[in-house]
Amino acid sequence: MIDSSYIGKVEKAHRYANERERFTFLNLQVVVRGDNSEYVVTFDHGQWHCNSEYFKAHGFDSHTMAVEKLLGDMLFQADGEKPAAS
């Protein structure tokens, strides 16, 4: 038998998950499966990094942009402001 406090926690989790403004990613690491290889993208307090050659030369690439688009307004910004919802 499931106790009532568990049910309340599940309901609260669903509510939180639907309120994106409650979340701010400070750092993360994700593997992006590109067309040619897998790339490790990291985000740490507003700073992106990817192990692709393009990122090394330009400071951004399609992998970092894809993760940024995916997480959007939930990412920490160095100025302390969250970006406007897109």
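Just so it is clear: in the sequence shown, position 81 is 1160 by the working numbering, and no numbers are missing.
All C-beta atoms, glycine included, are put in the ideal place defined by N, C-alpha and C.
These figures come from a predicted structure and were not determined experimentally.
Rounded to a whole number of angstroms, what is the C-alpha to C-alpha distance between residue i and residue j?
i, j, result
"residue 1157", "residue 1082", "42 Å"
"residue 1086", "residue 1100", "23 Å"
"residue 1092", "residue 1102", "12 Å"
"residue 1150", "residue 1115", "23 Å"
"residue 1146", "residue 1133", "16 Å"
"residue 1125", "residue 1144", "13 Å"
Find out if the Cβ-Cβ distance for the pair residue i, residue j is shorter than 8 Å.
i, j, result
"residue 1139", "residue 1104", "no"
"residue 1117", "residue 1111", "yes"
"residue 1142", "residue 1113", "yes"
When we look at the beta-carbon of residue i and count the other beta-carbons within 10 Å, is it buried (16 or more) or exposed?
i, result
"residue 1122", "buried"
"residue 1089", "exposed"
"residue 1131", "buried"
Taking residue i as the reference, which of the options has the closest Cα?
i, options, result
"residue 1128", "1148, 1091, 1107 and 1114", "1107"
"residue 1135", "1153, 1119, 1097 and 1150", "1119"
What residues match up with residue i in a beta bridge as DSSP calls it?
i, result
"residue 1117", "1112"
"residue 1128", "1121"
"residue 1154", "1104"
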